[in-house]
Structure formats: C-alpha cells, structure tokens
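If you read the protein sequences in the order shown, they are chains A and B. With my numbering applied, the first sequence corresponds to residues 1028 to 1614, in that order. With my numbering applied, the second sequence corresponds to residues 1028 to 1614, in that order. The structure appears below as structure tokens.
Protein chains: 2
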Amino acid sequence: MPRLRLALGQTNPVVGDLAANSKQVLEAARKASAAGADLFAVGEMALTGYPIEDLASRPSFLVAAHEAVDALARQLQEAGLGDLAVVVGHPDGPFEPRLIGTSNAPTAIAKNRASVLQHGHVTARYSKYHLPNYSVFDEYRIFIPGDELLILRIKGVDVALIICEDLWRDGGPLAKLLEADAGVLLVINASPFERDKDDVRLPLVTRRAVETDTIVAYVNIVGGQDDLVFDGDSVVVDAAGTILGRAPQFIEHLLVVDVDAAAASDTELPPAVSRVELSDPRAVATTLSDDIAVPPDGREQVWNALVLGLRDYVDKNGFPSVVLGLSGGIDSAVSAAIAADAIGADRVYGVSMPSQYSSDGSRSDADDLAANIGLHYTTEPIADLVLPIETQLKLTGTAAENVQARIRGIILMGLSNLHGHLVLTTGNKTELSVGYSTIYGDSAGGFAPIKDVPKLLVWEFARWRNQLAASRGETPPIPVNSIEKPPSAELRPDQTDQDTLPPYEVLDGILDAYITRKLGRADVIALGFDTETVDFVTRLVDRAEWKRRQGAIGPKISGMAFGRDRRLPITYRPNDEPLPGAKIRSS
Amino acid sequence: MPRLRLALGQTNPVVGDLAANSKQVLEAARKASAAGADLFAVGEMALTGYPIEDLASRPSFLVAAHEAVDALARQLQEAGLGDLAVVVGHPDGPFEPRLIGTSNAPTAIAKNRASVLQHGHVTARYSKYHLPNYSVFDEYRIFIPGDELLILRIKGVDVALIICEDLWRDGGPLAKLLEADAGVLLVINASPFERDKDDVRLPLVTRRAVETDTIVAYVNIVGGQDDLVFDGDSVVVDAAGTILGRAPQFIEHLLVVDVDAAAASDTELPPAVSRVELSDPRAVATTLSDDIAVPPDGREQVWNALVLGLRDYVDKNGFPSVVLGLSGGIDSAVSAAIAADAIGADRVYGVSMPSQYSSDGSRSDADDLAANIGLHYTTEPIADLVLPIETQLKLTGTAAENVQARIRGIILMGLSNLHGHLVLTTGNKTELSVGYSTIYGDSAGGFAPIKDVPKLLVWEFARWRNQLAASRGETPPIPVNSIEKPPSAELRPDQTDQDTLPPYEVLDGILDAYITRKLGRADVIALGFDTETVDFVTRLVDRAEWKRRQGAIGPKISGMAFGRDRRLPITYRPNDEPLPGAKIRSS
C-alpha cells in the first residue's frame, strides 16, 4: 500500500479579506511542506470565509475570488512550494444563472468550489454537489450545484474530493465514489459548531469511511463569523473507523497524518467522474508523531465556542474593547467572564448602573465580580437621569420601569461612542424567547454572548467556570451570591423574575418543546405541562418575535438558535391548533 | 365553445388565523355563487396567509391547515354552496422529509398546495412544482415540490391548475400543459408588490396565455404581511392576449369574468398529468358587466402599497394607534401622511421633541404638518432630559448628539408603553443604507413606513401627495418648507445632511449601483462617480449592516429591499475588488 502524507490546515478566515486569507493558506502550506506532506488541504471557502451569503451574487466578488485562487497558485510556486498539491475552498463565478431541478434561483451565479493547485496553476476544480438549504444555510439561494465527482491521483493513490454537505447525503458523489474505487476521501468543510455536534459529526465520518472503504480526511475551518462558530475538529479516520489523527477544536492547527491507502487501479471510470493526475511531491523522510486531540467535555466545548465567537467578532471587526453593564446578576456575570476569557480582562469595561431599586447585595455582587475578573470598572447611578424623564412624561408602571433599562442602554452606547467599545448585551435565550427584556434598553448592544444559552445552562456555566478556576488555583470569577440569589430585573422594589414568569425549570422545558422541538401547543401540554402556563408562555414567545428581529447577534450553540435558524413571521395570529399528535401524511 | 364563469377572490388573510381566513373564503364563495360562477378561486395560501416561513416545519400547523380545508369544504356544503367548485391555496402535511434533486431540505415536511372543493369534499389536490428560493422567498427550505400537473374538467372545459412560480418558469407544469391541451390555465398566487412589477407580471401572464393557447386566470392575495405587500391585481387574459377582466389593486375584490374556452377533447393524457371531473354547477342566467380596473400611475401605486403595508401591520397586530416624532423634516412628514392615509388621522399621534438646536422653522413646520393632517399633537422638549446625561457622562461630539436622538426614542417608547401605540420610525432607505441614524434613537420603533424609499423618492412623494390633495380640494399635508429646506438632523448648530454626506442625487445613484445592481466598487466608479466618494459611501454601507440587522421592518417596494431580500454578513472586511467588468465564466 502506498503511503501518503496528508496535511489538513484549520485556518481562520475573515469574510472578504482575500489577501489575509490567502496568506493564512500560504503560511500553512509552508509548514505542511516542511512536514513533508504530499497533499495539503484547507476548509470550504477558506479563501473568502464562510458564509459569504449574498456576496455570492455580486459578480465582482466572484471575479476577485477566482483571481485570488490563481494568485495563490503563483505565490505557492514562487515560495518554492509548487510541488505540494494544495486543495483550497472558494466561491467561483460569475456563471450564467441557471434553473436547477424543480427549484430555481435566478440569482445564483456562483459555484461553491474546491480548487487543486500545483506548480503555479489550478490543476483541477470540484463544485459542491449537495447544497444545504436548511437551518442557517441558504446555499440553494446562491450556488449552482456541481454534477461530477473529482478524483486526484497522487503517488499512486486515488483521492476523491468532495465538499461538506456532500458527505452527509447518500447519492450524488458518494454513490459515484462507491463505483470509482478511491483510496482516500478528502472532505473540505465549513461546519459550524453546535452543542453535542461532535456526537453526530465524528460518527458520520466514521460511518462514511466504513461504507466507502476509504480513509476519510475531514478538514474544517475554525473561527467566529457573526452568529456562527466553526470549531475545526479536523479528523482523519481509516476504513476500519480508527481515528488516525484529530485536530484540537477552536484554534488554528495543522494536522499532519500518514495514511496507507489502497493503490489506484486503472479500472474504467464511471460516468460523471473525472480523474486528474498530480505530479508526485519530492519524498521527505521523516517520522510523524501522533497528533490525536481529545475534545474536552461538552460544557467546556460550548464555553470555548462562546469565547471564540465573541473574540472573533471583536477582533475581526476591529473593536479595541467591550463594555457591558454589571447588575450583580448571573447573566452579566457570566457574560463578563466569557469576555475576559475571550479578549483579556484589560479589554473589558464593566459599568455598574444602580438605581434606587438595586439592592446593596446586587451592588456588592457587581463589585466582587469586577474585582474577581480584574476588569475596568466604573459606577454610573441612574436615578438622577431617570427621574426627569419619568416626571416630564408622567410615566408609571412598566413604562417607567423601561426608562431605567433604556437609560442604562444610553449610558453604555454613550461610552461606546466615546471610546469605541463594542457594547455587549447580556440577555439569555430564555429571556429572548419570552421577550423578558426592554427593547432599546438592556437589549441594546452589538453582540449578545449568551443569546443562545437558556437560563438553566447559564447557572450551570457559572458553577462550572468557578470550579475550573478553583481547579487551576485561580479566583473563581462569578460571585457565589450572583449564582444563588433569586434572579431579578430590579426595576421595582422586591421584584423577582418569578413574579412574572413560571419557574425556570418549567419555562425552559416548555421553550425547548415549543421552539427547539417545534411542537404545537397541544403537544406541549401533552408532555405534562400546565395548560394555562403553556398558553401564557407560547403567547409570550409569539409576541416577542418583533423584539428578537431587532436583537443583536450572538453565537449559535444549539440546534435551533434565534436568527436565520428560525424564521417566523412577526404578524401571526395563532389560531391553528389541532388536537395533539400530528400524523405523517402520505398524500 | 363552452362558456365558463370564473370568479377570482382577492382575499386578505392573516398568517395563522385559519378561522378568519376560512370565513373570508366562505363569504367570497357566497358572492361568487350568487354571481353565477362555475369555478371560484382564491390565492396561494389564502387559508393560512403567506409567507408562513418556518411555520411550515411545525407539524401541528400543517395538520391544522389540512383540517381547515376539510372543514371549509363542509362549511361550503352546509351553506348551500356545494355545487360551486372552489380552489383554495394552503400548506399541507406533515409529510416524511425528502431530499430532492441535488439540494436537500431535511426540514421540509410540507407541500404548497391548491385543493379543489366541491359537494363537501376535497376533490383534487395540486402541489406547487417550482419553488422560488431567491429574493424574499425561501420555499425550497420549507416545501417538498410537486411533480404532476392537475387538470379539472368542468362544464366540458379543461382547466389546468398551477401555483405562482409555476407560471414564471419554462418546463415543469407549463411544458406538460402544452401537451395536455387545456382551455383555461388557472394560477393562484401570493405575489408581492414591487415598484413597476405590473410592467413584468401582466406581460408575463399575457405571454403565457399566447404561448399555451389558453385563457389565463390569475388570482393574487391582497394585504400587508410584515415587510411584504400583496397587491391583488388579479387578471383574466384570453389566448390572444386581451384582458377580459382585471381587479383593482390593494383592496379585497371578487372578479367575475365569463370566458369562452375551447371544449375539452378526450386525447390521452401525457405522463404526470391527472384529470379530475367536477360536476357542473347549476346554470345561472345573468349577464355580466365588464370589470376591468385600470391601475393608477406608478407613484400612486407605490404610495398605496406603503399605506396598505402600514395599515395591515397596525390592524393585524391589534395596535389602536401609532406614534411618531415630528421633526419638521421631510421624512417624518411623509411618514405621518402615510399613517393618516392608512388608519385615519385620529389614530395618529405626533410628538414634537425640540432641542436647543431645533430651528424655529422646524418647530413651526412640525406644527403646520400636524394641523394640516389633523393628527394628535404634543410637544416634549428634550433639553432638560439630555443635559443630565451629557453632564454625568461627560459626553461630547457624536456621543452627545446621539443622546438627543436616544432620548427621543425613550419618549416615543414611553408613550407607546403607556398608551399601546405602535412606534413608527421614519428613516428612509438612503439613511439606512449609509447608517445615517442613531441606533436605539431615531431608529427605534416597530415599523418603518419609508424604509425602502430612497431620499429622492421621499421628496417626489411629498410633492405628489400635496398635488393629489390640491386636486381633491383638500389641504396639502406636507408643509412646503419641509420639502424645500436643506435636510438636517439638527443635532448640532447649523448642521445639514450634506456636511457629512454627498448630495442626495449622487448618493442615491451610488447606492442604486452598489446595492440594487450589486456592482462592485470598481464598476460603480466606472459609471462616472468620484472614486473617493464611492469608497466613502460603500464603506458606510458595509459598516452599517449591524444597524440594519437591528432595524424595524417596513414595506418592500423595490426589487432589492433591506431585510431577507439582501442577506449579507456583518463581519466583512472588503478586500475583494478586481478591475471593473466581471466576465461570465464558462467553467
């Protein structure tokens, strides 16, 4: 069996920055070459970042991406790396718009491609066949699908090349692969992180390796891009399902793995499969040590995703620092801890904005948090700013309470305007679900670090992060009191969240059923929740859609995040409830 | 040639309200029957409203829609309308998710359907074949496409039934229709209004009638649904391209037209075409008078779209009234005039919120506007509310200016919280494009009536609306001074928009090229715009994406509105500019 040395580069591209992204690929290729690799691959769209969304319908963008691929081939050659076969993902076009199948996308002028570079030229191209158009993905909107499988012959081994979704779907390139008898299946990916997704992704890779009797080399990009976090976690699995190499999550990494693959035979190729012969790189005799990362437990993975999502949003958009309000509550405490882990406490500015309803406990909890983390900390009391407004407008009740939250929003935005901070808004997923926040008040901000974290998980994170600190001999960041006291918005005397909302255990249960599992009212009730509570909660969820539409983005960690993952009308009069138990229909 | 009496019902459904929407269909069917119609049709998704977005992935919603169709059939029968053949659009399911073609939508469990009801039962069903997945449409995300053409035989005439996008695409049902030799092509639609869309839609209907040698009956829903406005404009065109009947735009209407169609023959049906025989309704001998509406000029159409979009958002969401800030400027003046046209001046609350920088002219312009329109009008000076904040936070420059706008936002939201008003935000498309607004300040609000109207068009509307009033002998609503004075945000002494922005003629030209026409920087410059100005403007557009994401919805009137029509990343470092002139690529 011929031995092939594969190098998989987990790069962290910035959408649009072709020069910087190309440079990342070039640098990683240099290391791959130095490590003696025969074949080097980076992720899907590593050249432009992912997702590019409707940039794919801007012809000049596609031309620039195409030219950047040619330029990269030349740069590799000029850097003495021309021997190395390099696979890079990028959009390509513009092509004539085409209507495909029974769908149609008159705006689609692009293809989602992998190009193979060697000796200063593009040697071969593959176009993604299966275009995901669900969840956060809109690829059928913007891409023309490919219709061929590409096989690269290198050092006597046939390497089939596909892109991301192609691996998840039966039929198409995988069906052709079974006929074409390749030794290695190389998959380039831009696969966003979700909680427990490695429980799905690794078994998939393993299953495909076994099914197709190939060594599967899976390379994913890494980094935060708006509401998505790509976790890397690139992996190589042999045809028996054994992990040969695995990259760590959430950081840039070059994974180099030797594989002993079946020798290519000269059987006739099935239709719609093309084969390109690559010249063999010079042999480099070195021995590799194992590089098999073991991912941390689920909570730590999610925390790392939140940290990277925030860090990349801050850094890719050029913010010097972040600012957030510290109420003494659990949400702002956890958000501050994430921010400090992401960009360092010296770039985090906390502001305590007490009112007459803020308890002494809350103020000292905020003080303690700031001290524990070591962030910049100031206090801006709001009573004197709120009173003139309440008085002039004769506001009472909720209308008056909202002014407190909105003055806090003005303060944070004012500090942002003065100093260039990114404002973090600290609402959790439970709050966002039921609209338990003041729009233009505590929801004001450019990024929402715990937007996709339900309240119960916020508490769990707080305890876990404190334990982690303790286990490292560091000061636990979150004050115990912030974790243990009853949650309150503190907009009126002795208020607690449970004056208005059901207990969080019940609330998060109903929300999971209604939002994540998409159950109707009757089916949620059938789970055992109280009818009145279900009606109350689902009504709140429906009515808060307009607020969510105006909310800040934040990292998706669940299978159903707010934003493009869940697209619902604002104007919606729910009068559409049958009895529980929807039956599958046959016609 | 047999004569068929067709009735097309332009109903205005509310998304989700199956009971109310069914009642609309039932009432229109009653009128259709009284008018002697043989076949009565309402629009695509008339039973659930459109677009239902991801409600289509909620099984209970689909069950409820399916049951509502059965119930409607029974109600028609019970109302003595069982003889009438009724075609109604609705989603159906849940079906097993299927992967279709090279795309895939594991979440799609619904079909977009037309059901034919007669004698208390569903007699036939058609599933939409071509699923639009571009612009504002996401149908490939949520629907499983159909694969057959349905032909209804009624009174000796073959009526082919298709849905919306099916009419726009060659191939599929239209290709089958050419073989199947029907006399009438009935198309049910949910086709949103766009400026000048009737220049495209009517010629399409006419062309299809000629191409297929059929009488085309096109029925569209009417009404506002979030950012879309459906204009109705239902039409019947004969095979020579002559308009036999046309409904007015933007109102509910029953269009009844007699057509003399080719008699059905008993040629064999092509594959994937099914035919259902309907029983003939009792004959009713009446004579119809012509019902051929002539649409008003383009400006009036757009105005009517803005008016209906606002009215339906207010009424369908149950707001008693709207509130908006009146600055004396043109944007708030035009917004107020739209609001008064939409829901009546007595449901419109205007608030003047002058600062020390507001000119006397602006104040009196706001006063004049309020008096002209006759809306509720109060004044809330902001100086005493702004000063404590500026002082405590030591804000200067833009940071201080933004406080003025944000205090105004707090005032309007406070009044909304007290009285239940919907807050209107009055930014125009040009402002939104370049981010020339204060987030959580003047952008605060639930609905943005002129969000898709560029500044130059705002002025045009103001002049046109005043002329219309004059021609009717009414008081022109917009003060002349608001139209003629240089636009200003009035956040500092003697400020005008053109201190910061290029002249609006230039600005709107660049924006049209960059946003609507999707040209890259170099191609915009090649149109003759100044390089520095193009760089300045396109940079502003890119950087304002985060603000637009948090903006209110408003009616789409252009071919490229902000919102789901244009999906771009926030994190985007534009470094992707080739030379001008993108060439179409062949591979």
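The C-beta atom is built at its ideal place from N, Cα and C for all residues, glycine as well. Since this is a predicted model, take the numbers as computed values, not measurements.
Practice item. Pick out whichever of B:Ile1438, B:Val1211, B:Val1568 and B:Gly1547 has its Cα sitting closest to the Cα of Ala1289 (chain B). Key: B:Val1211
Touch test, the region 1594-1601 of chain A against the region 1570-1581 of chain A, Cβ-Cβ under 8 Å, three pairs minimum: yes
Contact under 8 Å by Cβ, Tyr1161 (chain B) with Thr1134 (chain A) | yes
### Task
Output yes or no for whether 8 Å exceeds the beta carbon distance between Val1349 (chain A) and Val1329 (chain A).
no
With 16 as the cutoff for other CB atoms within 10 Å, does Ile1189 (chain B) come out buried or exposed? Buried.
Margin query: Please report the straight-line C-alpha distance between Val1334 (chain A) and Ile1178 (chain A), rounded to a whole angstrom.
Written below: 38 Å
>> I'd like to know if Ala1100 (chain B) contacts chain A, where contact means its C-beta is closer than 8 Å to some C-beta of that chain.
In response: no
Does the distance from the C-beta atom of Ala1217 (chain A) to that of Gly1070 (chain A) stay below 8 Å?
yes
Verify the CB distance criterion: does Thr1405 (chain A) have a CB-CB separation below 8 Å to chain B? no
#### Entry: Test: Gly1120 (chain B) CB closer than 8 Å to a CB of chain A
yes
request  = Answer with buried or exposed for Glu1501 (chain A), where buried requires no fewer than 16 other C-beta atoms within 10 angstroms of its C-beta.
outcome  = exposed
(message) At a CB distance below 7 Å, what residues from the region 1178-1191 of chain B approach chain A? Give them in sequence order.
(response) none
Find the residues of chain B that neighbour Trp1573 (chain A), judging by a C-beta separation of less than 7 Å, and give them in chain order.
Gly1473
Where DSSP assigns a beta bridge to Tyr1376 (chain B), which residues make up the other side?
Its beta-bridge partners are B:Val1350 and B:His1403.
Local conformation of Gln1051 (chain B) per DSSP, three classes: helix
Out of curiosity, what's the CA-to-CA distance linking Arg1140 (chain A) and Lys1155 (chain A)?
6 Å
Along the region 1574-1590 of chain B, where does the CB come closer than 8 Å to a CB of chain A? Name the residues. Arg1576, Gln1577, Gly1578, Ala1579 and Ile1580
Tell me, please, which residues DSSP counts as bridged to Ser1154 (chain B).
Its beta-bridge partners are B:Arg1140.
Quiz item: DSSP on His1117 (chain A), reduced to helix/strand/coil?
Solution: strand
*Taking Cβ-Cβ distances below 7 Å as the criterion, which residues of the region 1134-1151 of chain A are in contact with chain B?*
Thr1134
- Item | Check whether Ile1611 (chain B) and Pro1121 (chain A) have beta carbons under 8 Å apart | At a Cβ-Cβ threshold of 8 Å, Ile1611 (chain B) and Pro1121 (chain A) count as neighbours.
Could you compute how far the alpha carbon of Asp1603 (chain A) sits from the alpha carbon of Met1587 (chain B)?
Cα-Cα distance, rounded: 32 Å.
**Prompt:** DSSP state of Tyr1467 (chain B), grouped into three classes?
**Reply:** coil
Just by C-beta distance, which residues in the region 1416-1439 of chain B are closer than 7 Å to chain A? Ile1416, Gln1419, Leu1420, Leu1422, Thr1425, Ala1426, Asn1429, Val1430, Arg1433, Gly1436, Ile1437 and Ile1438
* **Contact residues within the region 1037-1064 of chain A, judged by C-beta distance below 8 Å to chain B** => Val1041, Val1042, Gly1043, Asp1044, Leu1045, Ala1046 and Ala1047
*Is the region 1225-1234 of chain B touching the region 1201-1210 of chain B in the sense that three or more CB pairs, one from each, lie closer than 8 Å?*
no
message = The beta strand (DSSP E) that contains Asp1258 (chain A), what's its start and end?
response = Leu1255 to Asp1258
**Asked** Span of the beta strand (DSSP E) holding Phe1067 (chain B)?
**Response** Leu1066 to Val1069
- Query: Would the beta-carbon of Pro1506 (chain B) fall within 8 Å of that of Leu1396 (chain B)?
  - Reply: yes
Would you say Gln1252 (chain B) lies against chain A (beta-carbon separation less than 8 Å)? yes
Going along the region 1526-1554 of chain A in order, which residues come within less than 8 Å of chain B, judged by CB to CB distance?
Lys1545, Leu1546, Gly1547, Arg1548, Ala1549 and Asp1550
Can you name the residues that DSSP bridges to Glu1304 (chain A)?
A:Arg1180
Identity of the residue in A:Thr1543, A:Gly1371, A:Ile1537 and A:Gly1454 nearest Thr1558 (chain A) by Cα: A:Ile1537
Q.
Does the CB of Asp1218 (chain A) have a neighbour CB from chain B at under 8 Å?
A. Checking the displayed sequence, the identity of residue 1218 (chain A) turns out to be Ser instead of Asp. Closer than 8 Å: no.
For this session: State yes or no: is the C-beta of Val1115 (chain A) within less than 8 Å of the C-beta of Gln1252 (chain A)?
Result: no
_CB contact check: Ala1299 (chain B) to chain A, cutoff 8 Å_ = no
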